[in-house]
Amino acid sequence: MSFDITRRIRFADVDPAGIVFYPRYFEMINAVIEDWFEQGVGYGFDAMILKGPHGVPLAHMEAEFKAPSRLDDTLVFSLVVRDLGRSSIWLTLTARCGDEVRMVARPTLVFIDQTAHKPVSIPAALRTRMLDYREAA
Numbered sequence: 177m178s179f180d181i182t183r184r185i186r187f188a189d190v191d192p193a194g195i196v197f198y199p200r201y202f203e204m205i206n207a208v209i210e211d212w213f214e215q216g217v218g219y220g221f222d223a224m225i226l227k228g229p230h231g232v233p234l235a236h237m238e239a240e241f242k243a244p245s246r247l248d249d250t251l252v253f254s255l256v257v258r259d260l261g262r263s264s265i266w267l268t269l270t271a272r273c274g275d276e277v278r279m280v281a282r283p284t285l286v287f288i289d290q291t292a293h294k295p296v297s298i299p300a301a302l303r304t305r306m307l308d309y310r311e312a313a
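Under my numbering, the first residue of the sequence shown carries the number 177, and numbering increases by one thereafter.
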């Protein structure tokens, strides 16, 4: 199962040529991840970071820009979990406009204790919810 979010490309997202300025994709990716934690996993950033002791900083990112996205395009972002380690979360996010893949990103997050800034084990209940979004084999 994937976690899907729809987002319209706005004027603030594009460069003078009218296509998405690539750093904006990284903001969109972060927003999708934040929505997934809140809506899909049930552990939003407010509970995790502001009220709780955890964080999920980005450790690694790969991105492929397959085709340009333009002002007023509607993109569907699909997030799947590629793998889970003790504290690492490997994701794939794909942005599509209709049937056309526009961008694929492969972020790796690390579940940490914010006080110590050290990796900690992903709690079992969260791990179970994350695995609901495991990439189909």
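Cβ atoms here follow ideal geometry from the backbone N, Cα and C, with glycine treated the same way.
- Rounded to whole angstroms, the gap between the alpha carbons of Phe197 and Val190 is 5 Å.
- In chain order, Gly220, Phe221 place their CB closer than 8 Å to the CB of Glu210, counting only its own chain and leaving out the 5 sequence neighbours on each side.
- Counting C-beta atoms within 10 angstroms of its own C-beta, Ala292 has fewer than 16 neighbours from the protein chains shown and is therefore classed as exposed.
- Per DSSP, the beta-bridge partners of Thr250 are Arg184.
- With a cut-off of 8 Å on Cβ pairs, the stretch 287-304 is not in contact with the stretch 200-209, counting fewer than three such pairs.
- Look at the stretch 256-297 and you find these whole runs of beta strand (DSSP E), each 3 residues long or longer: 264-273, 276-281, 284-286.
- With respect to Leu251, Gly194 sits apart: the two C-beta atoms are not nearer than 8 Å.
- Cβ contact annotation for Pro295 (same chain, cutoff 7 Å, sequence separation greater than five): Ser263, Val286, Phe287, Ile288, in chain order.
- In the pairwise beta carbon analysis, the stretch 235-249 is classified as touching the stretch 269-280: at least three pairs are separated by under 8 Å.
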